[in-house]
Amino acid sequence: MPLNLIRKLAVASLLTFVASTTASAETLVFTAIPDEDETKLVERFQGIADYLSGELEVDVRYIPVKSYAAAISAFRNNQVQLAWFGGLSGVQARELVPGSEAIAQGVEDKAFYTHFIAHKSTGLDEMENLSEELRGKTFTFGSKGSTSGRLIPEYYIREAFDEGPEDIFARVGFSGNHTRTLRLVEAGTYDVGAINFSVWDKEMENGNVDTGAVKVIWTTPSYPNYQWTIRGDVNERFGEGFSRRVQEALLAMDDPDLLESFPRSGFIPVSNDAYEPIRVVGKQIGIID
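Right, here's the structure in full:
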């Protein structure tokens, strides 16, 4: 074999090796909105990182963020390529990153809902519709960017009273996450609060709710909520069909401990179109431009 041909083949082999090494060194980084205490989130999503790494055969890393806005910014800036968003934060993120897609939601996220909970001192009982009994009470939402902790409850408050929350309640706050909302109402720091049913149910199951101090008084109609959203450029970075492989891995997740940590019974396919109602509501109350 001519010496020049041998050299060309050697160079080609070296380039192929370097390219494959570079590709395998890529890390898929993901985050999640901080809707619960950070310790719970780290435990949940480290398990997801390990699962995805095994299924996708790439390094997968979870990074926590301090706010919903930080999760959106990390996605926009390509610091993360995959994120577990709420309905609103997912819509906001996808509008900032053209080509990004919602690829999976929890079975329960197709018809999600929010509870209004009240401290016993209010004397409030379960109500069929939001009533004037709420006027003058103190009220806490969750995070300002939360679908279940702010967007949806504010929408129904405005629909019921034809007024904004600040005009109805004596004081309005933002707890930061659903777990914190529960603790604030349970302690009587706020009379009433909005918490998603998933966190409420999980805390009830774990015996972490003082049912003598706090109870559910109203529940919203259902709406689409949490979902996994992936950037549209992952196929260029990780290889053709990578987005589909991530979706398949999420849909195939059946480890009871991983699912219970969400808590979800499983994941199902979803598309951006499913969240159009969230975008419309966000525009109506001025959260989305």
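Every position in the sequence shown, counted from 1, becomes a number in our numbering once 1 is added.
Even glycine gets a Cβ: it sits at the ideal position worked out from N, Cα and C.
Nearest candidate by alpha-carbon position, reference residue i, set the options
i           : options            : result
residue 285 : 32, 69, 165, 253   : 165
residue 199 : 148, 235, 114, 168 : 114
residue 261 : 44, 36, 29         : 44
residue 224 : 197, 100, 33       : 197
residue 120 : 183, 162, 236      : 183
residue 30  : 87, 147, 53, 237   : 53
residue 63  : 73, 71, 83         : 83
residue 1   : 104, 99, 100       : Any property of residue 1 remains undetermined from this structure, which presents the chain solely from 2 to 290.
residue 34  : 61, 60, 79, 94     : 94
residue 253 : 221, 222, 106      : 106
residue 276 : 87, 206, 240       : 87
residue 248 : 233, 257, 258      : 233
residue 117 : 149, 79, 36        : 149
residue 271 : 263, 228, 250      : 228
residue 100 : 231, 174, 280      : 231
residue 125 : 50, 216, 280, 208  : 216
residue 40  : 241, 289, 180      : 180
residue 161 : 221, 38, 259       : 221
residue 92  : 288, 169, 280      : 280
residue 178 : 168, 194, 163, 167 : 194
residue 202 : 263, 49, 256       : 263
residue 250 : 37, 61, 174, 27    : 61
Cutoff 8 Å; reference residue i; Cβ partners in own chain excluding five residues on either side
i           : result
residue 108 : 265, 266, 267, 268, 269
residue 128 : 134, 218, 219
residue 9   : Because the pLDDT at residue 9 is just 46, under 50, the model does not fix this residue reliably, and the point stays unresolved.
residue 171 : 137, 138, 139
residue 189 : 120, 122, 214
residue 47  : 63
residue 255 : 267
Other residues of its chain near residue i: CB distance less than 6 Å, five sequence neighbours each side excluded
i           : result
residue 274 : none
residue 97  : 77
residue 32  : 64, 66, 72, 75, 81, 84
residue 176 : 141, 143, 182, 185
residue 258 : none
N- and C-terminal bounds of the alpha helix (DSSP H) containing residue i
i           : result
residue 161 : 153–162
residue 67  : Per DSSP, residue 67 belongs to no alpha helix (DSSP H) and is neither H nor E.
residue 223 : Unbroken run through residue 223: none, as it is neither H nor E.
residue 37  : Here residue 37 belongs to no alpha helix (DSSP H), and DSSP marks it neither H nor E.
Residue i - containing beta strand (DSSP E), residue span
i           : result
residue 297 : For the chain, the structure presents residues 2 to 290; residue 297 sits outside this window and is missing.
residue 231 : 228–231
residue 1   : Here the chain covers residues 2 to 290 and nothing more, so residue 1 does not appear.
Same chain, Cβ closer than 7 Å to residue i, five either side skipped, listed in chain order
i           : result
residue 246 : 57
residue 278 : 224, 225
residue 282 : 152, 156
residue 243 : 235, 236
residue 146 : 69, 70, 89, 90
residue 211 : 187
residue 159 : 165, 286
residue 42  : 33, 35, 65
residue 110 : 225, 226, 227, 228
Paired residues, beta bridge with residue i - DSSP
i           : result
residue 171 : Its beta-bridge partners do not exist; DSSP assigns none.
residue 197 : 115
residue 30  : 62
residue 191 : The partner list for residue 191 (beta bridge, DSSP) is empty, contrary to what the question assumes.
is_contact[residue i, chain B] using C-beta, thresh 9 Å
i           : result
residue 249 : You won't find chain B in this structure, because it holds only one protein chain.
Proximity test, residue i beta-carbon vs the ligand SAM heavy atom, cut-off 8 Å
i           : result
residue 290 : The ligand SAM is absent from the structure shown, which contains no ligand whatsoever.
> Which runs of the alpha helix (DSSP H) spanning at least 4 residues fall entirely within the stretch 69–150, listed in chain order?
Replying inline: Counting whole runs of 4 or more residues, the stretch 69–150 contains the alpha helix (DSSP H) stretches 69–77, 88–97.
> What beta strand (DSSP E) runs, 3 residues minimum, are completely inside the stretch 234–278?
Replying inline: The qualifying runs are 268–270.
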